[in-house]
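Residue numbers (this note's numbering), protein chains in the order written: chain A, 21 to 191; chain B, 933 to 1052.
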Amino acid sequence: MRSLNRIAFLSVFTAASISLFVIESLFSTPIPGIRLGLANIFILLALIFFGLKEALLIGILKSIIGSLILASLLTPAFIFSISGTILSTFIMWLIIKSRLPFSLLGISIAGAEAHIMIQLFIAASIFLPGASFFYISPIYVLSSIITGSVTGFITYLIYSKTGRRYGLCVD
Amino acid sequence: MRSKSRFRPLRKGDILIIIFFLFFAFFLPKKKGEKVIISVDKTNDFVYPLNQDREIIVKGKLGEAKVVIREGKVRILDSPCPLKICENKGWISKKGDFIICVPNRIIIRIEGKKYDAITE
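Structural data, given as structure tokens:
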């Protein structure tokens, strides 16, 4: 792809994921820490259309700029966000590369699970050692199945509608 | 043209991954606890066996809380904290359960025979 086109798409993706991340953080949810993860849509699209490097770039920029806007840079929330983003991007990239029979739904669910697992792990090992976060994980695992499939389905809609039109599609 | 895409929703792997995580969420069995660990202000840990009945007075940051171990279960019976969330948590008995009293800085948790890799 032409590099100008690529830069334009990457910046639009980054802007979109940052704004979704910020807007989403303004809504409160019944259980703390549960969000829909709409920013993941654009990270996943970047993984498919471009590659690991670009997706990681969008994810890291999303975490840093998003927490600058929300004034949470270098707080626990920021550490959760950036570690979850990096790990889930890696996991989704591995699944896409492995060519296993996963659709965007399954890839997104795997990413959501990786996101919440690393956060629970960090919470249990760094911030509150001793408290058994492992045992409250069922709530988070269940909710990330739901949020993962919602974002996966939205990603598929965007992918199938726009991918070919802009010459981004890979297969 | 659209049906050929490998990213079309609901392929075999999706159903497998959903079933796997549902299984993980629902059927992760909780094991019976072995010992009670009471820590105050993150500094000192008191360890008691769960199978001996006893009453313990724990000195927290606000005052004395009364903890009861009876028939393999633990609860905070009386606490000087304002909201009494720890008292209302009631009895806990399974490995990994915990009662946390934030104003009084008391954490009571139940461990099994072996520590988890995560809580280690």
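Beta carbons are placed, not taken as given, at the ideal position from N, Cα and C, and that holds for glycine.
Chain A contact for residue i (CB, 7 Å cutoff)
i: F956/B; result: yes
i: G965/B; result: no
i: P941/B; result: yes
i: F959/B; result: no
i: F952/B; result: no
i: G1044/B; result: no
i: I949/B; result: yes
i: G1004/B; result: no
i: G992/B; result: no
i: K944/B; result: yes
DSSP bridge partner residues for residue i (one or two, in chain order)
i: V990/B; result: A997/B
i: F1030/B; result: R1041/B
i: I1008/B; result: V999/B
i: K964/B; result: K1026/B
i: Y160/A; result: For Y160/A, which the question treats as bridged, DSSP gives no partner whatsoever.
i: D977/B; result: S971/B
Contact with chain B by residue i, beta-carbon distance below 7 Å
i: P158/A; result: yes
i: I192/A; result: In the structure as shown, chain A starts at 21 and stops at 191, and residue 192/A therefore has no counterpart that could be examined.
i: L162/A; result: yes
Local Cβ density within 10 Å of residue i, reported as buried at 16 or more and exposed below that
i: W1023/B; result: exposed
i: V32/A; result: exposed
i: L970/B; result: This sequence places Ile at residue 970/B; Leu is not what is there. Buried, by the Cβ-count rule.
i: D946/B; result: buried
i: K944/B; result: exposed
i: S169/A; result: buried
i: R1007/B; result: buried
i: S17/A; result: With chain A covering only 21 through 191, there is no way to say anything about residue 17/A.
i: S23/A; result: exposed
i: V990/B; result: buried
i: E996/B; result: exposed
i: G71/A; result: exposed
i: L40/A; result: buried
i: R938/B; result: exposed
i: I30/A; result: Residue 30/A is actually Leu in this sequence, not Ile. When all chains shown are included, L30/A counts as buried.
i: R986/B; result: exposed
i: L67/A; result: buried
i: F955/B; result: exposed
i: I115/A; result: buried
i: I111/A; result: buried
Notebook entry, point to check: At a cut of 8 Å, does the region 81-89 of chain A reach the region 112-130 of chain A through at least three beta carbon pairs?
Noted result: With the cut-off at 8 Å, the region 81-89 of chain A and the region 112-130 of chain A do not touch.
Notebook entry, point to check: What residues in the region 106-136 of chain A bring their beta carbon closer than 7 Å to a beta carbon of chain B?
Noted result: Residues of the region 106-136 of chain A with a C-beta less than 7 Å from any C-beta of chain B: L120, P121, F122, S123, L124, L125, G126, I129, A130, E133, listed in chain order.
Notebook entry, point to check: Are the region 173-183 of chain A and the region 157-164 of chain A in contact at 8 Å, needing three or more beta carbon pairs?
Noted result: The region 173-183 of chain A and the region 157-164 of chain A do not touch, with fewer than 3 CB-CB distances between them shorter than 8 Å.
Check: Any chance the region 83-93 of chain A sits against the region 136-149 of chain A, with 3 or more Cβ pairs inside 8 Å?
Finding: Put simply, the region 83-93 of chain A does not touch the region 136-149 of chain A. Fewer than three CB pairs are less than 8 Å apart.
Checklist line | Contact list for the region 1003-1025 of chain B against chain A, Cβ threshold 8 Å | finding: Those would be none; no residue qualifies.
Next item on the list: Using a Cβ-Cβ cut-off of less than 7 Å, give me the residues of the region 45-65 of chain A that come near chain B, in sequence order.
Entry: Listed in sequence order: no entries.
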